[in-house]
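Engineer:
In the numbering used here, the protein residues as written are 47 to 123.
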């Protein structure tokens, strides 16, 4: 659950202007990646920053593995 929340927060952070919605100020502009739409922004960030791509992939795999293990565990319910 927390891994999915982390990924969603990461998407919100990059998709909504790097926290500009949090501090109430103008959103900072960055020339390192596009702000065309959320999917393009997240994709560009994922590809251009290998560390973030690897970490988010690991988080998504951990969430998937947790879901699979919980589904197969008959005592989890």
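Glycine residues also receive a C-beta, built at the ideal position from the N, C-alpha and C atoms.
Apply the 10 Å Cβ neighbour rule to residue 103 and answer buried if 16 or more other Cβ atoms are within range, or exposed otherwise.
Structural biologist: As a position in the chain shown, residue 103 is number 57, starting the count at 1. Exposed, by the Cβ-count rule.
Engineer: Grab me the residues of residue 60's own chain with a C-beta within less than 7 Å of its C-beta, minus the 5 sequence neighbours each way, in chain order.
Structural biologist: Here residue 60 is taken as the residue at index 14 of the chain shown, counted from 1. Cβ within range, chain order: 87, 88 and 91.
Engineer: Roughly how many whole angstroms lie between the Cα atoms of residue 124 and residue 105?
Structural biologist: Only positions 47 to 123 of the chain appear in the structure, and residue 124 is not among them; the question remains open.
Engineer: Look at the alpha carbon of residue 79 and the alpha carbon of residue 52, and state the distance between them as a whole number of angstroms.
Structural biologist: Residue 79 sits at position 33 when you count from the first residue of the chain shown. Residue 52 sits at position 6 when you count from the first residue of the chain shown. Annotation note: pLDDT 49 at residue 79 (below 50); position unreliable, coordinate value reported separately. In a straight line, the C-alpha of residue 79 is about 21 Å away from that of residue 52.
Engineer: Grouping DSSP H, G and I as helix and E and B as strand, with all else coil, what is residue 95?
Structural biologist: One-based indexing of the chain shown puts residue 95 at position 49. Looking at residue 95 - three-state DSSP - the assignment turns out to be coil, as it is neither helix nor strand.
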